[in-house]
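Visitor:
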Amino acid sequence: ETGVTQTPRHLVMGMTNKKSLKCEQHLGHNAMYWYKQSAKKPLELMFVYNFKEQTENNSVPSRFSPECPNSSHLFLHLHTLQPEDSALYLCASSQDRVAEAFFGQGTRLTVV
Amino acid sequence: GEDVEQSLFLSVREGDSSVINCTYTDSSSTYLYWYKQEPGAGLQLLTYIFSNMDMKQDQRLTVLLNKKDKHLSLRIADTQTGDSAIYFCAEPNQAGTALIFGKGTTLSVSS
Chain A
474 ETGVTQTPRH LVMGMTNKKS LKCEQHLGHN AMYWYKQSAK KPLELMFVYN
524 FKEQTENNSV PSRFSPECPN SSHLFLHLHT LQPEDSALYL CASSQDRVAE
574 AFFGQGTRLT VV
Chain B
6 GEDVEQSLFL SVREGDSSVI NCTYTDSSST YLYWYKQEPG AGLQLLTYIF
56 SNMDMKQDQR LTVLLNKKDK HLSLRIADTQ TGDSAIYFCA EPNQAGTALI
106 FGKGTTLSVS S
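Residue numbers (the numbering used here), protein chains in the order written: chain A, 474 to 585; chain B, 6 to 116.
1) Assuming Leu-51 (chain B) and Lys-61 (chain B) form a contact by the criterion Cβ under 8 Å, report the distance between their Cβ atoms to the nearest whole angstrom.
2) Any beta carbon of chain A sitting closer than 9 Å to that of Ala-82 (chain B)?
3) Whole-angstrom Cβ separation of Leu-494 (chain A) and Tyr-508 (chain A), contact assumed at under 8 Å?
4) Ser-89 (chain B) and Val-114 (chain B) look like a contact to me (Cβ under 8 Å); what is the Cβ gap, rounded to whole Å?
5) Any chance you could list the alpha helix (DSSP H) runs of at least 4 consecutive residues sitting entirely within the region 45-90 of chain B, in chain order?
6) Any idea which residues DSSP pairs His-546 (chain A) with across the strands?
7) CB-CB under 7 Å to Ala-46 (chain B), same chain, minus the five flanking residues each way: which ones, in chain order?
8) Would you mind telling me which residues of chain A sit closer than 7 Å to Gly-87 (chain B), beta carbon to beta carbon, in chain order?
9) Using a Cβ cut-off of 9 Å (strictly closer), state whether Ala-574 (chain A) contacts chain B.
10) So which residues of chain B does Lys-513 (chain A) contact, with C-beta pairs closer than 7 Å?
11) Alpha carbon to alpha carbon, how far is Pro-44 (chain B) from Leu-547 (chain A)?
12) Near His-499 (chain A), which residues of its chain fall below 6 Å by C-beta distance, leaving aside the five closest residues on each side in sequence?
13) Have a look at B:Asp-8, B:Glu-10, B:Asp-21 and B:Val-9 and flag the residue whose alpha-carbon is nearest the alpha-carbon of Ser-116 (chain B).
14) In chain B, what lies closer than 8 Å to Thr-528 (chain A) by C-beta?
15) Assign Ala-82 (chain B) to one of two classes, buried (16 or more other C-beta atoms within 10 Å of its C-beta) or exposed (fewer than that).
16) Residues in the region 40-55 of chain B with C-beta within 9 Å of chain A's C-beta atoms, listed in sequence order?
17) Is the separation between the beta-carbon of Leu-516 (chain A) and that of Phe-93 (chain B) shorter than 9 Å?
18) Tell me the rounded alpha-carbon separation between Thr-30 (chain B) and Gln-64 (chain B).
19) Is Ile-25 (chain B) close to chain A, meaning its C-beta is less than 9 Å from at least one C-beta of that chain?
20) May I have the straight-line CA-CA distance separating Glu-540 (chain A) from Cys-564 (chain A), to the nearest angstrom?
21) Hey, could you find the ends of the beta strand (DSSP E) Glu-118 (chain B) is sitting in?
22) What separation, rounded to the nearest whole angstrom, lies between the Cα atoms of Asn-71 (chain B) and Asn-26 (chain B)?
Shown next as C-alpha cells:
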C-alpha cells in the first residue's frame, strides 16, 4: 500500500460510454499526475497538477478530461474513447514536482 | 529531446547477479531513480541516486552512475525469484514538472 488509491482497478467501456477514473492520496502531497502505460512503450505523462492547478497537459486528446477538486483527489473523465486508448492508467503523487513519485496500482482500461 | 533508454529483457538464474542498464539524456538531472513494477501493480520506488554520487549501495542493490556517459545501472546481488518484475529508470523532465521513464526492463529469474 503506497498511500495512493485508484478506483476502479478494472474498467471495460464501450466507445460511446462516459466513465471516470478516481485517484486519492493520503500522503499530504502537493503534486498529482496521470500516466498512461501501454505495452512496449514508455510510460506517457498525461497531466500534472500542482496545488490543484493543472500545470501540464502533454498533448492529450480532449476525450480525456482531468479534474482536481482538491490536493488529495484527482479524476480522469473519459468519453468517446478509442480501442487504442486501452491501457493501464496510473496515478501518482509527490511532495514537490521533482521529488520521487508514489504510484497507485492503476486502472486497467479496456475500450471495446 | 528527453529520452530514457533501457534494454527490454534480462534473464538470470536464481543466486546470480543481475545488472540492468539505462541511458538518459538530461545531464542536469539532480536525481535519478529506479522503480519496480510487479505484475498487476503500480510502480514502486526502489532506490535513487543523487547526481553528485558515483555509487550508492542499499542491501542487495547497487546503483552506479557514470555522468560522463549518462549511464545508470542497477545491480541486484543474489537475485531471487521474487525479484522478477519490470524495472524502470526515471529522471525528472527538463521542465522539472514530472518524472520521465524508460520502457522498462523485464527481469526474469529462473530457479
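All residues carry an ideal CB built from backbone N, CA and C; glycine is no exception.
Guide: According to the structure shown:
1) For the purposes of this step, residue 51 (chain B) is identified with residue 46 of the second sequence, where counting begins at 1. For the purposes of this step, residue 61 (chain B) is identified with residue 56 of the second sequence, where counting begins at 1. Not confirmed; about 11 Å, so no contact.
2) Residue numbering aside, residue 82 (chain B) sits at position 77 when the second sequence is read from its first letter. No, because no Cβ of chain A sits closer than 9 Å to the Cβ of Ala-82 (chain B).
3) Within the first sequence, residue 494 (chain A) is the residue found at index 21, counting from 1. Within the first sequence, residue 508 (chain A) is the residue found at index 35, counting from 1. Contact between Leu-494 (chain A) and Tyr-508 (chain A) does not hold, since their C-beta atoms are separated by about 12 Å, which reaches or exceeds 8 Å.
4) Here residue 89 (chain B) is taken as the residue at index 84 of the second sequence, counted from 1. Here residue 114 (chain B) is taken as the residue at index 109 of the second sequence, counted from 1. Correct: roughly 5 Å between the Cβ atoms.
5) Listed in chain order, nothing qualifies, since the region 45-90 of chain B has no complete alpha helix (DSSP H) run of 4 or more residues.
6) Position 73 of the first sequence, counted from the first residue, corresponds to residue 546 (chain A). BP columns for His-546 (chain A) point to A:Glu-497 and A:Asn-543.
7) For the purposes of this step, residue 46 (chain B) is taken as residue 41 along the second sequence, with counting starting at 1. Hits under 7 Å: none found.
8) As a working mapping, residue 87 (chain B) is identified with position 82 in the second sequence. The contacting residues do not exist; Gly-87 (chain B) stays about 18 Å from chain A at best.
9) Locating residue 574 (chain A) in the first sequence gives position 101, counting from the first residue. Yes, Ala-574 (chain A) counts as interfacial toward chain B.
10) As a first step, residue 513 (chain A) is located in the first sequence; it is residue number 40 there, counting from the start. In chain order: Lys-108.
11) Stepping through the second sequence from its first residue, residue 44 (chain B) is reached at position 39. Stepping through the first sequence from its first residue, residue 547 (chain A) is reached at position 74. Looking at the two C-alpha atoms, the distance is approximately 24 Å.
12) Taking the first sequence and counting its residues from 1, one reaches residue 499 (chain A) at position 26. So the list reads Gly-476, once near-sequence residues are dropped.
13) Here residue 116 (chain B) refers to the residue found at position 111 of the second sequence. Nearest C-alpha to Ser-116 (chain B): B:Asp-21.
14) In the first sequence, residue 528 (chain A) corresponds to position 55, counting from 1. The contacting residues are Thr-102.
15) In the second sequence, residue 82 (chain B) corresponds to position 77, counting from 1. Per the 10 Å Cβ criterion, exposed.
16) Tyr-40, Gln-42, Gly-45, Ala-46, Gly-47, Leu-48, Gln-49, Leu-50 and Tyr-53
17) In the first sequence, residue 516 (chain A) corresponds to position 43, counting from 1. In the second sequence, residue 93 (chain B) corresponds to position 88, counting from 1. Cβ distance < 9 Å, so Leu-516 (chain A) and Phe-93 (chain B) count as in contact.
18) Position 25 of the second sequence, counted from the first residue, corresponds to residue 30 (chain B). Position 59 of the second sequence, counted from the first residue, corresponds to residue 64 (chain B). If you take the alpha carbons of Thr-30 (chain B) and Gln-64 (chain B), they lie about 28 Å apart.
19) Counted from its first residue, the second sequence places residue 25 (chain B) at position 20. Not closer than 9 Å to any Cβ of chain A, the Cβ of Ile-25 (chain B) fails to qualify, so no.
20) In the first sequence, residue 540 (chain A) corresponds to position 67, counting from 1. In the first sequence, residue 564 (chain A) corresponds to position 91, counting from 1. Using only the alpha carbons, I get a separation of about 13 Å.
21) As shown, chain B starts at 6 and ends at 116. That puts residue 118 (chain B) outside it, with no answer to give.
22) Looking up residue 71 (chain B) in the second sequence gives position 66. Looking up residue 26 (chain B) in the second sequence gives position 21. Near 11 Å, if we compare the C-alpha coordinates of Asn-26 (chain B) and Asn-71 (chain B).
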